[in-house]
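Written out below as structure tokens is the structure these notes cover.
2 protein chains.
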Amino acid sequence: MKLSFEKSDLISGINIVLKAVPAKSPMPILECILIDASAGDIRLTGNDTEIGIETTVEGEILEPGRIALDAKLFSDIVRRMPDDRIYIDSEDSENVRIHCGKANFNISGHQGDDFVMLPEMERNNYICISEFALKEVIGQTIFSIAPGESSSSNPMMSGELFSINGGRLKVVSLDGHRISIRNIDLRDTYGETEVIVPGKTLSEIRSILPGEQDKDVYLYFAKNQIMFEFGSTIVISRLIEGEYFHVDQMISNDYETKITLNRQEFLAAIERSTLLIRESDKKPIIFDIKDGNMEITMNSVIGSMHEEVAVEKSGSDLTIGFNPHFLIDALRVISDEEVSIYLINSKAPCFIRDDEDHYNYMILPINFSR
Amino acid sequence: MKLSFEKSDLISGINIVLKAVPAKSPMPILECILIDASAGDIRLTGNDTEIGIETTVEGEILEPGRIALDAKLFSDIVRRMPDDRIYIDSEDSENVRIHCGKANFNISGHQGDDFVMLPEMERNNYICISEFALKEVIGQTIFSIAPGESSSSNPMMSGELFSINGGRLKVVSLDGHRISIRNIDLRDTYGETEVIVPGKTLSEIRSILPGEQDKDVYLYFAKNQIMFEFGSTIVISRLIEGEYFHVDQMISNDYETKITLNRQEFLAAIERSTLLIRESDKKPIIFDIKDGNMEITMNSVIGSMHEEVAVEKSGSDLTIGFNPHFLIDALRVISDEEVSIYLINSKAPCFIRDDEDHYNYMILPINFSR
């Protein structure tokens, strides 16, 4: 094999597939990037067997072939090379030469055949969505999946529901204390599909997706797998098996109290309150909702904080407590200048939602005594 | 006590004194910042008893007094406040109110009298140097002090020699494998003074010193202490006791081989070579010096690298090996486009020095076999 690349093209490709390469694995081949120039173009692949990423890189094939190289070493060497054309030559997998200008590296790799190839995917069942919308919708929901440890009892909480019905995509995540729902209007209409995508896959997709408004991502659905295709990159991930929670039953449109307030101001006050909470502490932030204003208080062993925020209120007065971090997560990803919060009583969840039903964040309250 | 501040003034002051506040201390008072508005101006002080920093902050004294507040909490609260005027009121140390706009915090502090005050310093023996020069000279030498652990046997290696003689300041650091020397011409002439300043103090000074070319720092020397004064800030530190190494005896001006080469190109090649070294490895980088060019090689279990660099050579051919990290440290802080390296033989130290005697970096070679 003998290939040459512009340094910047090669680095862009490496950066994409690196997201699927584990830092440490009992199988050294999984710590590799496959360079495949056997079929007319040059493809880089990373695959940790849960998620696999393949991308096509611009470059010249002077002699076809394929080889797997330790991802970190390969990536570091390429980055450190002078800004010049980079050449990769290999007689066999034991002897790979990477050179650029007067700098030469000789390292050993693995045979391309040893690499764990990505599965073949059918391309019948799919949807199309802009890069921007997918990137946004992941960011607006990913925070409320349950972290790895606590989801060992229920693996579905470590993923997000992608539910397609006609012209709408609904994305849902929940962790037992809160639910995040985002609805997206699709440009076309599709049949009914429901899959649960691992949170890790979505985080990686979000980090490599350029997020442009006028470029599209295709999502292909198969029995146990999902494939994302954008630009010259594909990402294939396993799905989480099972039937997702019946979220619609947990959502209510009834309310006793509705408040509307400035999002930034509200967020800043809640963020300030968290300075008084030590990590393991479960101190609630308490809202006293009255006509025209809401008093925010936080009391802890460290000190106390109180602050008044202007609100537009309809319905009854109410005193209610929340985990401030759950409110912060939701308020940070909403882009509206004003938000409306719907409440029933001090024991019932609140809903932060917009009139167009684009987002709905449900958060359970915390009991507190004064 | 009742004070008010512009948020930005208060934050600047806090950022400076925070450098002398330990993150964790068995004495909670050391984790505090003292706010002293008892003597007509407002001073903030942090003091971990090894190094103490005091700075004067712009602000209004509505009622004089002094109080010590937990540094992290105080700093976090001030940062999180709205962009408005910040008020600090205290009836007594148990009850301190920090407020800004509609946001109110109540925390408890400590009595100002409990704070460990900075020692008084005499101001007879001093030198004056520009902020820029002091900041630069620290950065150009600090890397070759011995790290905390290994210097337990010889505490002097954890500090730097500041030696003043007439119109010259010489700053020296060494760790048993290398010596870094920087000479600075002072604007005035002074008597002879030699002190050993702890490396930690110099690192903190470097991080808070604005580093302007047309502003000065005064260094005051006392028996066991040094004081740095710049702007409205003073830093007082203990000194390391003892007689410093006789560095002049370790330096030689004789050489058998001299090479001159492009610093950036040389540095990039050495940095590349380190990709083949695992952390605990002691692999040398090997230079084969011939007329007109130098071959650089590195061999390790990971792979091999070789590269040619153009050099201007006088004297004998030579093959010699070094710890690449020691060369990198020196080459990174030199600002000259070309550097000259003086060598004797493969067992003797090399010297990277300029013709004006502004810097001299001595590095011991590493034995190697081929």
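First to last, the protein sequences are chains A and B. With numbering that gives the first Met the number 0, letter number 264 in the first sequence gets 263, and the count goes up by one each step, no holes. With numbering that gives the first Met the number 0, letter number 174 in the second sequence gets 173, and the count goes up by one each step, no holes. C-beta: ideal position from N, C-alpha, C; glycine also.
Exercise. Who pairs with residue 189/A in a beta bridge, going by DSSP?
Worked result: 165/A
For this session: Would you check if the distance between the CB atom of residue 70/B and the CB atom of residue 47/B is smaller than 8 Å?
Result: no
For this session: State the Cα-Cα distance for the pair residue 122/A and residue 3/A, rounded to the nearest angstrom.
Result: 32 Å
Exercise. Using the beta-carbon of each residue, which ones in chain B are nearer than 8 Å to residue 305/A?
Worked result: 103
Exercise. For a contact meaning CB atoms closer than 9 Å, what does residue 278/A contact in chain B?
Worked result: What residue 278/A touches in chain B: nothing, since even the nearest Cβ is about 13 Å away.
Exercise. Who are residue 320/B's beta bridge partners in DSSP?
Worked result: 285/B
Exercise. Residues of chain B with a CB under 8 Å from the CB of residue 107/A: which are they?
Worked result: 302
Problem set entry | residue 95/A beta carbon less than 8 Å from that of residue 106/A | yes
Exercise. What three-state label does DSSP hand residue 231/B in the structure shown?
Worked result: coil
Exercise. Taking a cut of 8 Å between CB atoms, which residues from the stretch 67-93 of chain B lie near chain A?
Worked result: 72, 75, 76, 79, 80, 81
For this session: Tell whether a beta-carbon distance below 8 Å holds between residue 54/B and residue 12/B.
Result: yes
For this session: Using the Cα positions of residue 81/A and residue 58/A, report the straight-line distance between them to the nearest angstrom.
Result: 17 Å
Exercise. Between the stretch 317-335 of chain B and chain A, which residues of the former have a C-beta closer than 8 Å to a C-beta of the latter?
Worked result: none
Problem set entry | Assigned exposure category for residue 279/A - 16 Cβ within 10 Å defines buried | exposed
For this session: Tell me, to the nearest whole angstrom, how far the beta carbon of residue 171/B is from that of residue 160/B; I am working on the premise that it is less than 8 Å.
Result: 4 Å
Exercise. Going along the chain, which residues of its own chain have a beta-carbon closer than 7 Å to the beta-carbon of residue 131/B, five neighbours each way excluded?
Worked result: 210, 211, 212
Exercise. From residue 89/B to residue 289/A, what distance separates their C-alpha atoms?
Worked result: 30 Å
Problem set entry | C-beta contact flag for residue 260/A and residue 338/A at 8 Å | yes
Problem set entry | For residue 126/B, the first and last residue of its enclosing beta strand (DSSP E) | 125-129
For this session: Check whether the stretch 63-78 of chain A touches the stretch 268-284 of chain B, counting contact only when three or more Cβ pairs, one atom from each stretch, lie closer than 8 Å.
Result: yes
Exercise. Hey, residue 166/A and residue 188/A are a contact pair by Cβ (cut 8 Å); roughly how many whole angstroms apart?
Worked result: 5 Å
For this session: Could you check the C-alpha separation between residue 111/B and residue 65/B for me, to the nearest Å?
Result: 5 Å
For this session: Classify residue 368/B as buried or exposed, calling it buried when 16 or more other Cβ atoms lie within 10 Å of its own Cβ.
Result: exposed
Problem set entry | residue 311/A (DSSP reduced to helix, strand or coil) | strand
Exercise. At which residue ranges does the stretch 4-42 of chain A contain complete beta strand (DSSP E) runs of 3 or more residues, listed in the order of the chain?
Worked result: 31-36
Exercise. According to DSSP, is residue 206/B helix, strand or coil?
Worked result: helix
Exercise. Counting only runs that start and end within the stretch 84-138 of chain B, where is the beta strand (DSSP E) found for 3 or more residues in a row?
Worked result: 85-91, 94-99, 102-106, 125-129
For this session: Determine the extent of the alpha helix (DSSP H) in which residue 72/A is found, giving its start and end residues.
Result: 70-79
For this session: Mind listing, in chain order, the continuous beta strand (DSSP E) runs of no fewer than 3 residues lying wholly within the stretch 242-275 of chain A?
Result: 256-261
Exercise. Near residue 305/B, which residues of its chain fall below 6 Å by C-beta distance, leaving aside the five closest residues on each side in sequence?
Worked result: 296
Exercise. Whose C-alpha, out of 108/B, 86/B, 355/B, 287/B, is nearest the C-alpha of residue 32/B?
Worked result: 108/B
Problem set entry | Proximity to residue 67/B [Cα-Cα], best of 318/B, 344/B, 34/B, 61/B | 34/B
For this session: Take every Cβ of the stretch 337-353 of chain A, pair it with every Cβ of the stretch 314-322 of chain A, and state whether three or more of those distances are shorter than 8 Å.
Result: yes
Exercise. For residue 158/A versus residue 198/A, is the C-beta spacing smaller than 8 Å?
Worked result: yes
Exercise. So what's residue 236/A in DSSP terms, helix, strand or just coil?
Worked result: strand
For this session: Run the proximity test for residue 34/A: is its beta-carbon closer than 7 Å to any non-hydrogen atom belonging to the ligand FAD?
Result: Ligands in the displayed structure: none, and consequently the ligand FAD is not present.
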